[in-house]
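Per our numbering, the sequence shown starts with residue 22, numbered consecutively.
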Amino acid sequence: MPTFVVSLRLPDVFNEEFIAIIPRHRDFINRLLNEKIVESYAISSDRSRGWVTMNGVDAAAVQALVEQFPLYRFLHGVEIDELFIFDSAASRFPHINLN
């Protein structure tokens with residue numbers, strides 16, 4: 022299954038409505054992580070941008086899933102790019118330690 026990176030921009034100001042939805046959004050992302058649909062989820066330290074690495078049949082399927090994010094209506098500039106290579110330490114076998 023292809024892997025995609027979703028780049029998004031967060032709002033400049035986090036109002037009360039946005040903050041109230043964060044727990045439901047995190048629950049949704051955690052479910053996708055457990056299902057191996059989301060491989061990684063990152064937000065910049067200044068909380069202005071985010072990146073989600075996702076598995077999906079095609080970009081349209083990933084877009085449809087991103088639109089289900091509880092915080093989706095607050096996101097700006099969502100971009101989806103299919104990756105040619107996605108390698109991470111998390112996807113490798115653990116190092117064997119004989120001690």
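Glycine included, every Cβ here is placed at the ideal spot set by N, Cα and C. Keep in mind that this is a model prediction, so the values were computed, not measured.
| query | result |
| --- | --- |
| Environment of M22 [buried if 16+ CB atoms lie within 10 Å] | exposed |
| Rounded C-alpha distance that separates I64 from N51 | 14 Å |
| Straight-line gap, T24 to L104 (C-alpha atoms, nearest Å) | 6 Å |
| I101 to N118 span [Cα, whole Å] | 39 Å |
| Option in I58, R70, P32, Q89 with minimal Cα separation from R45 | Q89 |
| Cβ neighbours of I58 in the same chain (closer than 8 Å, five flanking residues each side left out) | M75, N76, G77, L86 |
| DSSP-derived helix/strand/coil call for D48 | helix |
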